[in-house]
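For reference, the structure discussed in these notes is given below.
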C-alpha cells in the first residue's frame, strides 16, 4: 500500500530588481507602463520610474527605487514613515506618517529622482506588489525582476555601483 505524500507549500522565491543601464534604449515604455498602472493615465510626470538621458553620450539610465538590502532612506525618515517589508523586501512609505520632508529622497544613493511626491507625500515604486510592469514591458530587459541568486546579487551590486557613479557625474 502506498500513501501519497502531503503536498508541500510552494515557497515563493525572494526576488530582486536588476537595472542594466547599458541595455536601456531610453524608449520610455517603462515610464508609461508605470504611470498607466499606478494612475490610469500615460504621463511621465506621474510615473514612479524616470529615465535620465544624456543624448551627447547616448546614455539612458532608468531611475526608480531599487529596494536596497539596507535602504538608507529608512533611518533617514524622522517620522518612521519609510520601512522595508521583511517578507517581500519592498520599501514602503506609510502615507499617514509621511510629512513630505524629503529626507528619504536626500538619502537615496541613486538620487532624489527615485522618490516622487504627490502633494506633500512621498511615493515610491512598490514593484506593483510583486509584478513590476516596468520589467514586464521592457523589451531590452534593462529592468529585470528575477529570483535572487548569488550570481544575480553580484550582478546587481556591480551594475548598481556603475550606475551610482554615472548618476553622480556632472553633466
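Residue numbers (our numbering): 420 to 590. Virtual Cβ for every residue (Gly too), placed ideally from N, Cα, C. Small disclaimer: the values here were computed from a predicted structure and weren't measured.
- Message: Does residue 535 come out as helix, strand or coil in the three-state DSSP assignment?
- Response: Note: residue 535 maps to strand in three-state DSSP.
- Query: When you compare each of 543, 562, 461, 483 to residue 468 by their alpha carbons, which one comes out closest?
  - Reply: Answer by Cα proximity: 483.
- Task: Would you mind listing the alpha helix (DSSP H) stretches within the segment 446 to 483 that are 4+ residues and don't spill past its ends, in chain order?
- Result: Whole alpha helix (DSSP H) segments, 4+ residues: 448 to 458.
- Query: CA-CA distance, residue 558 and residue 471?
  - Reply: The straight-line gap from Cα to Cα measures roughly 18 Å.
- Beta bridge counterpart(s) of residue 566 as assigned by DSSP: Under DSSP, residue 566 forms a beta bridge with 434.
- Message: Residues in the same chain with beta-carbon distance under 7 Å from residue 561, minus the five sequence neighbours each way, listed in chain order, please.
- Response: Taking C-beta separations shorter than 7 Å and ignoring five residues to either side along the sequence, the partners of residue 561 in its chain run 438, 439, 440, 442, 443, 481, following chain order.
- Query: Considering only residues of the same chain and omitting the five flanking positions on each side of residue 590, which have a CB-CB separation below 6 Å?
  - Reply: For residue 590, the predicted structure reports a pLDDT of 44, less than 50, and the residue's modelled location is therefore unreliable. A value from the coordinates is still provided. 473, listed in sequence order.
- Would you call the segment 486 to 494 and the segment 444 to 462 in contact, with 3 or more CB pairs under 8 Å? With a cut-off of 8 Å on Cβ pairs, the segment 486 to 494 is not in contact with the segment 444 to 462, counting fewer than three such pairs.
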